[in-house]
Amino acid sequence: MNFITFHCLGYDQKMKLHIITVGAPKLAYAKAGWDEYLQRLRHFHTVRVTQVADKNNDAEHLLAAAAKTTLVALVIDGPQLSSHQLADFLAKRALESREVSFVIGGPAGLPAEVIAQAAHSWSLSSLTFPHDLAMVVLLETLYRSSTINSGQPYHK
2 MNFITFHCLG YDQKMKLHII TVGAPKLAYA KAGWDEYLQR LRHFHTVRVT QVADKNNDAE
62 HLLAAAAKTT LVALVIDGPQ LSSHQLADFL AKRALESREV SFVIGGPAGL PAEVIAQAAH
122 SWSLSSLTFP HDLAMVVLLE TLYRSSTINS GQPYHK
C-alpha cells in the first residue's frame, strides 16, 4: 500500500499509537531525542505513552498496559523492516481502526509471555542498542514511516 492508495481509501483521521517502555530515557541525549520525535510523531498520530517502572518489567504489567490493542513486541530476533515496509505496516493497521501498542522491554528484553501474546514482533536492527537509544530509534522510525505515508520529504 502506498501513499496514494492509503489516502484514496478515505483514511483521514489520526491513527492511535501506544508506546510502552520499561522505564524512561535517562541520558540527556535520549531524553532530548525522545521529546523531539514524540512531538513530531504527534503531528501524524494520536500517541499515548506508558512508561512502566523498572521494577514492573513483567508480563502482567506490560500486558495490562497493552490491553485491547494490537500488540507489537520489539525483540532482537524479530523480523526487520525497511522504512517503507514499516510505513505499509502502519497503513494496514490504520485501516483496522485499532490502537497499536509498540512495547520495548527493559535492558534484558521482554518476558516470553509478552512475546507469545504479541500479534506482531519486530526488530529494530540486528545491532544491539543501549536501552535509551532503542527508545529514541523506535520513535524516529515510526515518525519516518509516518512521513512516507503522508508524502512528506523527511524520509529521503
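Here the sequence shown is numbered in the numbering used here, starting from 2 and rising by one per residue.
Here a beta-carbon is modelled for each residue, glycine too, at the ideal position from N, C-alpha and C.
Computed from a predicted structure; not experimentally measured.
Taking residue 132 as the reference, give the member of 35, 17, 41 and 16 with the closest Cα. 35
With a CB to CB cut of under 7 Å and the five nearest residues on each side skipped, what residues in its chain are close to residue 48? 18, 20, 39 and 42
Check whether the Cβ atoms of residue 70 and residue 102 sit closer than 7 Å, and answer yes or no. yes
My understanding is that residue 16 touches residue 139, with C-beta atoms under 8 Å, so please give their C-beta distance in whole angstroms. Not quite, the Cβ-Cβ distance comes to about 15 Å (not below 8 Å), so this is no contact.
Can you find at least 3 beta carbon pairs, one from the segment 49-66 and one from the segment 103-119, that sit closer than 8 Å? Yes, the segment 49-66 is in contact with the segment 103-119.
For residue 21, the residue or residues it bridges with in DSSP: Answer is 51 and 104.
Going by beta-carbon coordinates alone, are residue 75 and residue 116 separated by less than 7 Å? Judged by their CB atoms, residue 75 and residue 116 are not nearer to each other than the 7 Å cut-off.
With respect to the beta strand (DSSP E) encompassing residue 28, which residues constitute its N-terminal and C-terminal limits? It is not in any beta strand (DSSP E) - residue 28 carries neither H nor E in the DSSP assignment.
Could you tell me if residue 7 is buried or exposed, where buried requires 16 or more neighbouring beta carbons within 10 angstroms of its beta carbon? The predicted position of residue 7 is uncertain, since its pLDDT is 46 and thus under 50; no value can be drawn from it.
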